[in-house]
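Protein chains in written order, with our numbering: chain F, -18 to 104; chain H, -18 to 104.
The beta-carbon is built from N, C-alpha and C at its ideal position, and this holds for glycine as well.
Some notes on the structure that comes next.
See the structure below:
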């Protein structure tokens, strides 16, 4: 078994401040998984893109890469663009195992944390 | 003190399935706050827009409305468009108290829930 790595994959925006929550999540995950390489990647407007991040991880020795979309919801990007990009990466880096997680808006404890906050914030 | 209400405010997309996580959060919040009116509203592509949702809540008797942006991050939309829309609503509905919460990507327990899931998913 080779080295595992994670790509936190977000939409991207023109405003540099937009990336802050994703940098924050990366820092939290790095503290918990100190031996795992973790990269941010963006669909548009920001760098690196997904292919560049995966390439860097593989050059660094990763053989299992989990792509985690930090998108709230499944729209055209996640349904069509991202599976196509991931298929291209799998063809290009055939020796690595590349997996794609569901978006955060489908994850029960995250939906619960959002609801908890809305309830607490509105009491 | 009058009736409180919440608008869960999301970006919107062309794909109807995109709204599912936000409907899910609304259902969770409604169970916890059965006496609070809760509406979804969207910045673009989906209906209702924010003004329509606020108008409906005020017509239903709400006098304090908390707008909660279900956006991961602060980009141009949340920094410029949304404050302008909220200012317009405050001018139009001057008898109601309309507040705007931070985006979910700035909320500590939500960032923690996302990081927990990434860590658990990647072990």
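In the DSSP assignment, residue 81 of chain F falls outside any alpha helix (DSSP H) and within the unbroken beta strand (DSSP E) covering 78 to 81. Excluding the 5 residues flanking it on each side, residue 43 of chain H has same chain C-beta neighbours closer than 8 angstroms at -17, -16, -15, -14, 18, 77, in chain order.
Counting only unbroken stretches of 4 or more residues, the alpha helix (DSSP H) elements lying wholly within the stretch 39 to 73 of chain H are 63 to 73, in sequence order.
Judged by DSSP secondary structure, residue 6 of chain F falls within the alpha helix (DSSP H) whose first and last residues are 1 to 13. Against chain F, a Cβ distance below 8 angstroms from residue 97 of chain H picks out 90.
With contacts defined as CB atoms closer than 8 angstroms, residue 70 of chain H and residue 3 of chain H fail to qualify as a contacting pair.
Approximately 7 angstroms separates the beta-carbon atoms of residue 99 of chain F and residue -11 of chain H; this is inside 8 angstroms, confirming the contact.
Between the beta-carbon of residue 21 of chain H and that of residue 12 of chain H there is about 16 angstroms, and that puts the pair past the 8 angstroms contact cut.
Rounded to whole angstroms, the separation of the alpha carbons of residue 63 of chain F and residue 25 of chain F is 12 angstroms.
Looking only at H:54, H:23, H:47, H:58, the smallest Cα-Cα distance to residue 84 of chain H is reached by H:54. One thing to note: residue 102 of chain H has its Cβ within 8 angstroms of the Cβ of residue 49 of chain F.
Excluding sequence positions up to five before and after residue 72 of chain H, its CB lies less than 6 angstroms from no other CB in the same chain. With a threshold of 8 angstroms between beta carbons, residue 87 of chain H makes contact with chain F. With fewer than 16 neighbouring CB atoms inside 10 Å of its own CB, residue 80 of chain H falls in the exposed class. When DSSP states are grouped into helix, strand and coil, residue 88 of chain H belongs to the coil group.
Between residue 36 of chain H and residue 66 of chain F, the alpha-carbon positions lie close to 42 angstroms from each other.
Chain F places no beta carbon closer than 8 angstroms to that of residue 41 of chain H, leaving this residue out of the contacts.
In this structure residue 56 of chain F is in contact with residue -4 of chain H, their Cβ atoms being roughly 5 angstroms apart against a cut-off of 8 angstroms. The C-beta distance from residue 91 of chain H to residue 95 of chain F rounds to 6 angstroms, short enough to fall under 8 angstroms. For the stretch 49 to 70 of chain F, the beta-carbon criterion of a distance under 8 angstroms to any beta-carbon of chain H is satisfied by 49, 51, 52, 53, 54, 55, 56, 57, 60. Rounded to whole angstroms, residue 38 of chain H and residue 15 of chain H show a C-alpha spacing of 15 angstroms.
Exposure of residue 41 of chain H is indicated by the presence of fewer than 16 other C-beta atoms within 10 angstroms of its C-beta. DSSP places residue -10 of chain H inside the beta strand (DSSP E), whose first and last residues are -16 to -9. Excluding five sequence positions before and after residue 33 of chain H, the CB atoms of its chain that fall closer than 8 angstroms to its own CB belong to 22, given in chain order. Interface criterion met: the Cβ of residue -13 of chain H is under 8 angstroms from a Cβ in chain F.
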